[in-house]
Structure formats: C-alpha cells, structure tokens
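S.K.:
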Amino acid sequence: MDIAAGRTDDAETLIFISYRSNDAYTAAAFLHAELSNRFGAESVFLDYEDIPLGRDFAPELLGRVRSCAVLLVVVGNRWLDGEVGQRPIDNPDDWVRREILEALEHDIPVVPVLVEGVEAIPDRLPAELAFLTDRQHFVVRHRSHRMGIGNLGDFLARQIPRLRDRPRVTTRGKWRMLIRAASVVVLAAAALGLPTTFAIPAEQDCDQPQPAEGPILDKYREERAGVDSTLGCPLEPVRATADGRGQFAVFETTGRRYSAWIYWSQDTGAHVVFGEIGEKWVALDSQAGQLGFPTSDERRNRDLDGRRQEFQGGLLYWHPTRSKGAHPISGEFFVAWGKTDYEMGALGYPVSDVLSSSDGVGRYQDCTGGTIISHPARSKGTHAVMLKIYLKWQRHGGEAGDYGYPVADEVREGRVYRQVFERGEIVWDDAIQDYR
Numbered sequence: 145m146d147i148a149a150g151r152t153d154d155a156e157t158l159i160f161i162s163y164r165s166n167d168a169y170t171a172a173a174f175l176h177a178e179l180s181n182r183f184g185a186e187s188v189f190l191d192y193e194d195i196p197l198g199r200d201f202a203p204e205l206l207g208r209v210r211s212c213a214v215l216l217v218v219v220g221n222r223w224l225d226g227e228v229g230q231r232p233i234d235n236p237d238d239w240v241r242r243e244i245l246e247a248l249e250h251d252i253p254v255v256p257v258l259v260e261g262v263e264a265i266p267d268r269l270p271a272e273l274a275f276l277t278d279r280q281h282f283v284v285r286h287r288s289h290r291m292g293i294g295n296l297g298d299f300l301a302r303q304i305p306r307l308r309d310r311p312r313v314t315t316r317g318k319w320r321m322l323i324r325a326a327s328v329v330v331l332a333a334a335a336l337g338l339p340t341t342f343a344i345p346a347e348q349d350c351d352q353p354q355p356a357e358g359p360i361l362d363k364y365r366e367e368r369a370g371v372d373s374t375l376g377c378p379l380e381p382v383r384a385t386a387d388g389r390g391q392f393a394v395f396e397t398t399g400r401r402y403s404a405w406i407y408w409s410q411d412t413g414a415h416v417v418f419g420e421i422g423e424k425w426v427a428l429d430s431q432a433g434q435l436g437f438p439t440s441d442e443r444r445n446r447d448l449d450g451r452r453q454e455f456q457g458g459l460l461y462w463h464p465t466r467s468k469g470a471h472p473i474s475g476e477f478f479v480a481w482g483k484t485d486y487e488m489g490a491l492g493y494p495v496s497d498v499l500s501s502s503d504g505v506g507r508y509q510d511c512t513g514g515t516i517i518s519h520p521a522r523s524k525g526t527h528a529v530m531l532k533i534y535l536k537w538q539r540h541g542g543e544a545g546d547y548g549y550p551v552a553d554e555v556r557e558g559r560v561y562r563q564v565f566e567r568g569e570i571v572w573d574d575a576i577q578d579y580r
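With the numbering used here as the guide, the letters of the sequence shown map in order to residues 145 to 580.
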C-alpha cells in the first residue's frame with residue numbers, strides 16, 4: 145500500500161504510534177518526541193501524551209487510528225513474549241492487535257518500526273496479522289537512533305504531503321517535549337490503566353534514598369541513564385553479602401513483576417541481575433551458590449529472543465518459549481554444548497538443570513534437541529546425543545537401556561550421522577530418512 149494514498153486530507157492525527165506497554169515504551173516515547181519536534185505535536189499521537197485524563201480511551205484510540213495517515217507499530221524484543229496461543233497478541237481484545245486491524249480495515253498504511261536490536265518482523269504472528277511479515281519495515285538502531293528517526297521522518301514527509309510543510313519545533317520546544325515524555329508517562333499510563341515501563345521514578349518519589357556513594361550507585365546511575373532501563377526505586381539500603389565478599393542492593397523494576405538486584409564484588413565489578421534469570425539465580429542461592437557473583441549484565445543471544453548472563457561459575461540461559469525457564473550450564477556440559485554451536489545448534493536451549501541419571505551416578509542436562517550426558521567411569525567424557533540418534537536411543541531406554549552411555553561424540557559423514565555407545569552404534573542416514 146502506498147502511504148501517500150492514506151487518509152491525509154481529513155486526518156486530525158497524521159502519525160499514530162502503536163506500541164506494547166511492556167515492550168518498547170521508551171522507544172515509543174522517544175519516537176513521539178522526535179517526530180513531534182519534526183512535524184509538530186498535533187501531528188503525532190501517542191496515547192499517554194494525547195488522551196486527556198479521565199477520557200474513555202477505547203473510542204479515543206480507535207477514532208485516532210481511523211483518522212490517521214499512517215500507523216507506526218513499534219516492535220521491540222518483548223513484543224511477542226509468551227507461549228504461542230497465550231501471548232497478548234493472540235488475544236482478540238489486545239490493544240496493539242485492535243489498532244493494527246482497525247488501520248487495516250480502514251485502509252490506513254501500517255509501517256512496523258523495529259527497535260531494541262530487532263532486525264526482522266517476527267514470523268509467529270496470528271493469521272490476521274501475518275501480513276506484517278511482508279510489509280516494508282523501518283529499523284531504528286540504538287547507537288544511531290536520532291539519525292534513524294530522522295530518516296524515518298524524511299520518508300514520512302516524502303509520502304505524506306501534509307507533513308512536508310510542517311515547521312520544525314525550536315530547540316527549546318524539543319527539550320520541553322522530551323522532558324514531558326519522560327515525566328508525564330507514569331501518571332498518564334496509570335490513568336489509562338496501563339503498566340508503566342518507561343519512566344524511572346525521580347529520587348524524591350522513592351521511599352528509600354539512593355544507594356550510598358560507591359560502585360553500586362555508579363551502576364544504578366548508569367542503568368537509569370539507559371534508553372531501555374529496567375531499574376526503578378531502591379527497595380532497601382546497600383548491604384554486605386553474608387560472606388563479606390561483596391555488596392548488593394534490591395530495586396523495583398519498571399514492570400514490577402520482578403525485583404532487580406545490583407551485586408558487586410572486587411573481582412567482578414557491579415552488575416544488574418533481574419527477570420527470569422535473576423529469579424533463577426536467587427533460587428540457586430545467589431552469589432553463595434554454584435554460580436557465584438555475576439561477571440556480566442544480561443545479554444541478548446544471537447537469535448535476538450533469548451537472553452544469557454555470565455557468572456563466576458557458569459552461565460544462565462533463558463528463552464521466552466524454548467527453554468522452560470532459565471537454566472544454568474557450566475563446566476564440561478557447557479563445553480559439550482559449545483561443540484554443537486550453543487543455542488543456535490542442533491541441541492538448542494537447555495530445558496532443565498543438570499540432573500542425576502537413572503543409575504544415580506551419571507549426570508545429564510536436557511535441551512530442546514536432545515541431551516548432554518556424562519558418567520565418571522562409563523561415558524569417556526561428556527557427550528551430546530541429538531535429534532534422530534537421540535530419539536532411537538531414548539526408545540531403547542537411554543543410558544539404562546540397550547545402548548548404555550555414549551562413549552564418543554556424534555560424527556557426521558556427508559549425510560550420515562553416527563554415534564558410538566557402550567553397547568553398540570546408532571546410525572542415521574538423511575538420504576534414505578531412516579536408520580541403518
């Protein structure tokens with residue numbers, strides 16, 4: 145669809161910004177501020193900024209969609225969080241879904257705007273929204289977000305005639321809108337019944353004072369200054385860890401589903417731990433457990449959906465749909481997993497912690513595509529058992545069955561895959577799609 149053919153003549157709002165409140169709230173607010181600076185605040189609609197407090201937001205939102213010239217759908221890395229069929233987007237009453245379908249019904253152009261490192265439109269969409277995967281989209285990258293939004297503005301100005309002659313807002317006006325975007329969001333979102341995942345409360349709004357001067361306060365300030373910060377108010381003063389090797393403080397998160405922690409030690413520095421990974425780490429006894437102190441912040445995995453965090457004793461990996469929670473992986477299990485290309489390989493994500501095998505002596509860790517298993521005397525190391533070979537091995541009882549423990553890694557010879565076990569060999573031939 146040609147954007148120039150959109151409803152520009154009678155549009156009260158020319159640009160409607162659609163976003164998910166627990167996803168890219170910050171990016172949506174910044175996009176609103178920058179485009180308002182370019183085209184004027186009256187041309188750009190963002191719900192918390194433009195719906196009067198106390199107004200029934202349902203007819204207001206849909207009316208603004210129907211009258212706009214283009215709908216920008218902000219897609220961050222949590223836009224599709226959850227199991228298929230249970231995600232917000234799968235609910236017919238989900239507001240993001242309703243806004244997109246309302247635009248489609250009224251022939252309003254829909255432009256996905258990808259942020260937070262998302263490089264492609266997700267392909268696990270409900271059937272009604274599958275058309276989005278074929279839409280020309282726009283990517284705004286973190287390190288060049290102002291340039292990216294500027295380029296987006298140029299594109300919109302070329303395609304929407306009424307935007308071409310809009311005067312730019314002065315620098316003072318620009319900063320006024322940026323400050324409003326940061327300060328009004330909590331009050332407006334609360335009035336609309338939306339979770340607040342953008343604004344970090346000011347120090348005077350917190351029950352607890354900021355942490356005392358030191359590495360934890362430095363890290364706290366660094367995180368709060370970030371575009372996609374998750375840290376809210378401190379919940380308690382900085383405390384020493386029980387073993388005396390470090391310090392920590394607990395904080396609210398912007399979604400308030402989880403707490404967040406900043407842990408510091410002389411050897412590791414200060415790092416934030418939160419979300420599913422943070423909850424798992426705490427369940428494993430935090431820094432006093434098998435993983436020790438964090439040595440990195442949470443990082444995005446190569447698939448762009450999953451997350452990982454490094455600790456002194458290993459790593460925690462998590463994926464919203466593939467990992468069944470967060471799980472630690474370390475030592476020889478991590479080495480064996482790495483031989484298969486980690487989460488991007490045939491094994492996929494870990495779906496369990498390391499567990500005792502059937503004889504009570506060996507150990508194994510299940511993954512989406514197989515298992516990693518080891519026995520101190522019988523397996524000759526730690527080995528991955530994957531895909532078709534794993535299926536046959538399991539049908540024969542796994543390590544307690546006909547084949548016993550693996551004693552070597554899988555070997556590929558052209559389209560033939562083979563693996564040696566204590567009591568035999570399993571061979572899969574891709575060419576004939578059967579076992580030999």
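Yeah, the Cβ is synthetic: ideal placement off N, Cα and C, and Gly gets one too.
Ordered along the chain, which non-local residues of its own chain (more than five positions away) have a Cβ less than 8 angstroms from that of Asp-497?
M.R.: On the sequence shown, residue 497 is found 353 positions in, with the first residue counted as 1. Counting only Cβ-Cβ distances below 8 angstroms, and skipping sequence neighbours, we find His-471, Pro-472, Gln-509.
S.K.: Looking at Glu-423 and Gly-450, is the spacing between their C-beta atoms short of 8 angstroms?
M.R.: Stepping through the sequence shown from its first residue, residue 450 is reached at position 306. Stepping through the sequence shown from its first residue, residue 423 is reached at position 279. Not a contact, by the Cβ cut-off of 8 angstroms.
S.K.: Taking DSSP as the reference, what is the three-state secondary structure of Val-218?
M.R.: Taking the sequence shown and counting its residues from 1, one reaches residue 218 at position 74. In this structure, Val-218 counts as strand in the three-state DSSP scheme.
S.K.: For Gly-513 and Arg-580, what's the separation of their Cα atoms in angstroms?
M.R.: Sequence index remark: in the sequence shown, residue 513 carries index 369 (1-based). Sequence index remark: in the sequence shown, residue 580 carries index 436 (1-based). Distance between the alpha carbons of Gly-513 and Arg-580: 21 angstroms.
S.K.: What does a CB cutoff of less than 8 angstroms around Leu-273 pick up in its chain, not counting 5 residues either side in sequence?
M.R.: In the sequence shown, the residue the question calls residue 273 occupies position 129. Closer than 8 angstroms at the Cβ level, and outside the excluded window around Leu-273, lie Ile-233, Arg-241, Ile-244, Leu-245.
S.K.: Using a Cβ-Cβ cutoff of less than 7 angstroms, which residues in the same chain neighbour Phe-455 once the five nearest sequence positions on both sides are dropped?
M.R.: The count along the sequence shown starts at 1 and reaches residue 455 at position 311. The answer, listed in chain order, is Leu-435, Gly-436, Phe-437, Pro-438, Thr-439.
S.K.: What is the residue span of the beta strand (DSSP E) that His-527 lies within?
M.R.: As a position in the sequence shown, residue 527 is number 383, starting the count at 1. Here the beta strand (DSSP E) through His-527 covers 525 to 530.
S.K.: Could you give the C-beta distance for Ala-177 and Gly-220, rounded to a whole number, given that I count them as a contact under 8 angstroms?
M.R.: In the sequence shown, counting from the first residue as 1, residue 177 sits at position 33. In the sequence shown, counting from the first residue as 1, residue 220 sits at position 76. In fact, because the Cβ distance is near 17 angstroms, the residues do not count as touching under 8 angstroms.
S.K.: Return the CA-CA distance between Ala-334 and Leu-197, expressed in angstroms with no decimal places.
M.R.: Here residue 334 is taken as the residue at index 190 of the sequence shown, counted from 1. Here residue 197 is taken as the residue at index 53 of the sequence shown, counted from 1. Confidence at Ala-334 is low in this model, with a pLDDT of 35, below 50, so its placement is unreliable and the value that follows should be read with caution. Going by the C-alpha atoms only, they are around 10 angstroms apart.
S.K.: Alpha carbon to alpha carbon, what distance is there between Leu-216 and Leu-179?
M.R.: Within the sequence shown, residue 179 is the residue found at index 35, counting from 1. Within the sequence shown, residue 216 is the residue found at index 72, counting from 1. Cα to Cα, the separation comes out at about 11 angstroms.
S.K.: Going by DSSP in three states, Gly-514 sits in which element: helix, strand or coil?
M.R.: For the purposes of this step, residue 514 is identified with residue 370 of the sequence shown, where counting begins at 1. Here Gly-514 sits in strand by DSSP.
S.K.: Where does Leu-361 sit, in a helix, a strand or coil, going by DSSP?
M.R.: On the sequence shown, position 217 is the one that residue 361 refers to. Residue state, collapsed to three classes: helix.
S.K.: Based on the DSSP output, what are the partners of Gly-475 in its beta bridges?
M.R.: Counting from one through the sequence shown, the residue named residue 475 turns up at place 331. Beta-bridge pairing links Gly-475 to no other residue.
S.K.: Is Ala-521 helix, strand or coil by DSSP?
M.R.: For the purposes of this step, residue 521 is identified with residue 377 of the sequence shown, where counting begins at 1. The answer is coil: DSSP assigns Ala-521 none of H, G, I, E or B.
S.K.: Comparing C-alpha positions only, which one of Trp-481, Glu-476, Cys-511 sits nearest to Lys-524?
M.R.: In the sequence shown, the residue the question calls residue 524 occupies position 380. The shortest C-alpha separation from Lys-524 is found at Glu-476.
S.K.: Assuming contact is defined by CB atoms lying nearer than 8 angstroms, are Lys-536 and Val-495 in contact in what I supplied?
M.R.: Within the sequence shown, residue 536 is the residue found at index 392, counting from 1. Within the sequence shown, residue 495 is the residue found at index 351, counting from 1. No, the Cβ-Cβ distance between Lys-536 and Val-495 is not below 8 angstroms.
S.K.: For Ser-187, which option in Pro-203, Asn-166, Ile-161 has the closest C-alpha, if you only look at C-alpha atoms?
M.R.: Reading the sequence shown from its first residue, position 43 is the one you call residue 187. Ranking Pro-203, Asn-166, Ile-161 by Cα distance to Ser-187 puts Ile-161 first.
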